[in-house]
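Notes to accompany the following structure.
Protein chains in written order, with my numbering: chain A, 991 to 1363; chain B, 991 to 1363.
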């Protein structure tokens, strides 16, 4: 495997690490949060917005983009970097998460996953080889191996082992066909909440050898303490000098807990999805801005925030927009929440460097449990 | 009546005029287009966006804002300039247009209009006095007299005369109670498509004396030629040195035709509404960007446009966003269309000054009739 990525750890605080991930399309300072652009756009947010917010890498979904507009259209545009207005680093997931999120429309067999599309009624089979081919066409800086992602369910011990072992076989098939020298390929550790399965998955995935490693299937039912322990035991089996990515998580609390166990990359739809529903993450807690109590509250959503929303708009105005179903409300709430997430990780990186990470970790957890409104 | 506005005509081309309207919150170069912010926001577009697009004045709807969030909330924020992030000049309509647009929910009597709200089931009566009180609370730079706006319908001759005469009585009641010295009040000429009614309305409205004058009830069924003639005969009855506003119109062609007859102000939801539906106004014609033929068209929507959309996004990407129901698609299309309208009027002003208005007028009409896709 080539070296499309370089990763350098520059500071540590316990297991937490601050580093620099250099990709073909730019440098990502880690720990980093990746906004989610399911269909090649973060809901309501443009490439220029993402740059202004301080994003350094963005995630897109292989499965959804292959449905619409189709990988060939994006390839014809020169890949995601040419098709969209985000020219910086991209990561594409493999479609493995859709085994869970579209479970009722997906059938898993050894050769791959067959989806019955809700969009056009067509059957689409995602094999490891096809997942790689699509991702090479999309041209992301980082591609993910196809995995069979199952939600944590202690009753499904044997089923979980099967999915974990199949994910290993699929990972190997992905590795074998992956050929773009300017694209990294990450493996994904599975195994649900069973420590033995997860350890085995981590050891074998590491032995296969990838540019980076991800935790799959977490945030789907385990407790915070279970997750902390699983992250720690997995990291003990992974090469220290490769980036680690906790897929699909989460709330600000999940991020700082993950960082404390050594995670370098995160992605989640929470900031944009919660934003659309009127939940704003602030330094003072979660603000449910549609609540009546904000009707005449003309303060900014977060008085300590530097974003374009907080410097120009009030809680009262945001409440009005969101209650009126105005698209600007969802947009402004998403912009604020993304800036809150990105700024939290900026603060995390700084705190790791100067030795104050533990205090910041506790502050984020405490404030993220407060509910306003 | 005080003089909250100063208006100076700086260049002419036939009946067309280019001028400068100075309001308490800034200068508007005329002829000007006012983006429509029904609920205090142009759909999907922020105050900062409007400034970047080159907007100089924005319109909001008295009736809708009084329903939600309520005039008192906006007054408590310091009016529209404090509540929203658009700090420049505002114009508020009076609610008279809702007599037509919400006809099935409105009952007109001499004292005012009673609306049966679709939002909360409540009855709200808009009298001339209340329309002024709400607009004074909203604090716009320009308020409109309450009128009874009917669509052009030649069969309703007597009904149209009644509405026109009632509008005159309501205008006088508005004038009598209007008291904010920092807010202009415009009268509205009605009378449908009947030249005699419209002339009579214009003469009597002018005799009452307003800071500016509007054409109401047009764009609701008359032919282009009828409208041109009605504008010309109305302008002959209005004071030359006061701004003239053609309410609710329209397409680019409607704008340049109105300018040619001496109109100074326009507003319309067409650029944003058409944008949301995937219709882009370009220098080459109306681009129906959702059409299949743009699937792999990686050119900008309008190669001659200077907007943030055209400099960073392709037809193919916009098509994908709009077909996927992504909010960013509606936003980008709205931003482009608004810039197209605002730039068209920038070009109109320049052309009036340098003597090339007739050529530009013809160019806009010709290109706006072309359909792409």
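Don't be surprised by glycine CBs; every beta carbon is placed ideally from N, CA and C.
Quantities reported herein were computed from a predicted structural model and do not represent experimental measurements.
Quick one, which of the options has its alpha-carbon nearest residue i's?
i: residue 1217(A); options: 1188(A), 1200(A) and 1045(A); result: 1188(A)
i: residue 1014(B); options: 1021(B), 1049(B) and 1071(B); result: 1071(B)
i: residue 1197(A); options: 1223(A), 1034(A), 1228(A) and 1168(A); result: 1228(A)
i: residue 1326(B); options: 1348(B), 1283(B) and 1263(B); result: 1263(B)
i: residue 1025(B); options: 1277(B), 1040(B) and 1298(B); result: 1040(B)
i: residue 1110(A); options: 1161(A), 1056(A) and 1291(A); result: 1056(A)
i: residue 1141(B); options: 1134(B), 1061(B), 1322(B) and 1151(B); result: 1151(B)
i: residue 1007(B); options: 1248(B), 1155(B) and 1297(B); result: 1248(B)
i: residue 1060(A); options: 997(B), 1237(B), 1023(B) and 1309(B); result: 1309(B)
i: residue 1293(A); options: 1330(A), 1265(A) and 1215(A); result: 1330(A)
i: residue 1297(B); options: 1316(B), 1312(B), 1275(B) and 1323(B); result: 1323(B)
i: residue 1208(A); options: 1225(A), 1226(A) and 1180(A); result: 1180(A)
i: residue 1311(B); options: 1241(A), 995(A), 1032(A) and 993(A); result: 1032(A)
i: residue 1166(B); options: 1226(B), 1155(B) and 1135(B); result: 1135(B)
i: residue 1094(B); options: 1362(B), 1105(B) and 1100(B); result: 1105(B)
i: residue 1127(A); options: 1069(A), 1114(A), 1076(A) and 1321(A); result: 1069(A)
What residue range does the alpha helix (DSSP H) around residue i cover?
i: residue 1160(A); result: 1147-1167
i: residue 980(B); result: The structure shown has nothing for residue 980(B), since chain B only spans 991 to 1363.
Thinking residue i and residue j are a contact (beta carbons under 8 Å), I'd like their distance in whole angstroms, please.
i: residue 1314(B); j: residue 1288(B); result: In fact, because the Cβ distance is near 17 Å, the residues do not count as touching under 8 Å.
i: residue 1086(B); j: residue 1139(B); result: 5 Å
i: residue 1355(A); j: residue 1002(A); result: No, residue 1355(A) and residue 1002(A) are not in contact; Cβ-Cβ is about 20 Å, not under 8 Å.
i: residue 1378(B); j: residue 1027(A); result: With chain B represented from 991 up to 1363, any question about residue 1378(B) goes unanswered, as that position is not in the structure.
i: residue 1082(A); j: residue 1050(A); result: 5 Å
i: residue 1335(B); j: residue 1245(B); result: 7 Å
i: residue 1176(A); j: residue 1132(A); result: 6 Å
i: residue 1223(B); j: residue 1194(B); result: Going by Cβ atoms, the distance from residue 1223(B) to residue 1194(B) rounds to 14 Å, so no, they are not a contact pair.
i: residue 1220(A); j: residue 1185(A); result: 7 Å
i: residue 1153(B); j: residue 1178(B); result: Rounded, the Cβ-Cβ distance is 11 Å, inconsistent with contact.
i: residue 1102(A); j: residue 1092(A); result: Incorrect: roughly 14 Å between the Cβ atoms, too far for contact.
i: residue 1122(B); j: residue 1168(B); result: 5 Å
i: residue 1328(B); j: residue 1337(B); result: That pair is no contact at about 15 Å.
If we ignore side chains and look at the alpha-carbon of each, how far apart do residue i and residue j end up?
i: residue 1107(B); j: residue 1345(B); result: 49 Å
i: residue 1148(A); j: residue 1119(A); result: 26 Å
i: residue 1009(B); j: residue 1199(B); result: 21 Å
i: residue 1080(B); j: residue 1269(B); result: 27 Å
i: residue 1191(A); j: residue 1047(A); result: 27 Å
i: residue 1230(A); j: residue 1202(A); result: 10 Å
i: residue 1145(B); j: residue 1259(A); result: 57 Å
i: residue 1043(B); j: residue 1030(B); result: 17 Å
i: residue 1233(B); j: residue 1005(B); result: 13 Å
i: residue 991(B); j: residue 1171(B); result: Residue placement at residue 991(B) is poorly supported in this model, since its pLDDT is 45, which falls under 50; the coordinates still yield a value, given next. Rounded to whole angstroms, residue 991(B) to residue 1171(B) spans 8 Å at the Cα level.
i: residue 1089(B); j: residue 1078(B); result: 28 Å
i: residue 1278(B); j: residue 1063(A); result: 19 Å
i: residue 1016(A); j: residue 1183(A); result: 35 Å
i: residue 1318(A); j: residue 1319(B); result: 13 Å
i: residue 1243(A); j: residue 1300(B); result: 40 Å
i: residue 1284(B); j: residue 1333(B); result: 25 Å
i: residue 1290(A); j: residue 1274(A); result: 12 Å
i: residue 1339(A); j: residue 1237(A); result: 19 Å
i: residue 1360(B); j: residue 1276(B); result: 6 Å
i: residue 1074(B); j: residue 1271(B); result: 27 Å
i: residue 1240(B); j: residue 1257(B); result: 7 Å
i: residue 999(A); j: residue 1250(A); result: 15 Å
i: residue 1045(B); j: residue 1286(B); result: 32 Å
i: residue 1235(B); j: residue 1235(A); result: 58 Å
Terminal residues of the continuous beta strand (DSSP E) containing residue i?
i: residue 1113(A); result: 1113-1116
i: residue 1349(A); result: Note, residue 1349(A): premise wrong, no beta strand (DSSP E); alpha helix (DSSP H) at 1347-1358.
i: residue 1083(B); result: 1080-1083
i: residue 1096(A); result: 1096-1098
i: residue 1104(B); result: 1103-1106
i: residue 1005(B); result: It is not in any beta strand (DSSP E) - residue 1005(B) carries neither H nor E in the DSSP assignment.
i: residue 1133(A); result: 1132-1134
Consider the Cβ of residue i: report whether some Cβ of chain C lies at a distance smaller than 7 Å.
i: residue 1034(A); result: Looking for chain C here will not work: the only protein chains present are A and B.
Report task. Please go through the region 1176-1242 of chain A and give each complete alpha helix (DSSP H) segment of 4 or more residues, from N-terminal end onward. Result -> Runs found: 1185-1198 and 1214-1225.
Query - Inside the region 1012-1044 of chain A only - alpha helix (DSSP H) runs reaching at least 4 residues - result: Complete alpha helix (DSSP H) runs here, min 4: 1037-1043.
**Report entry** Length-filtered (3 minimum) beta strand (DSSP E) runs lying within the region 1258-1332 of chain B
**Finding:** Counting whole runs of 3 or more residues, the region 1258-1332 of chain B contains the beta strand (DSSP E) stretches 1269-1272 and 1275-1278.
Report task. Taking only runs that begin and end inside the region 1041-1069 of chain B, name each unbroken alpha helix (DSSP H) of 4 or more residues, in chain order. Result -> Complete alpha helix (DSSP H) runs here, min 4: 1052-1057 and 1061-1066.
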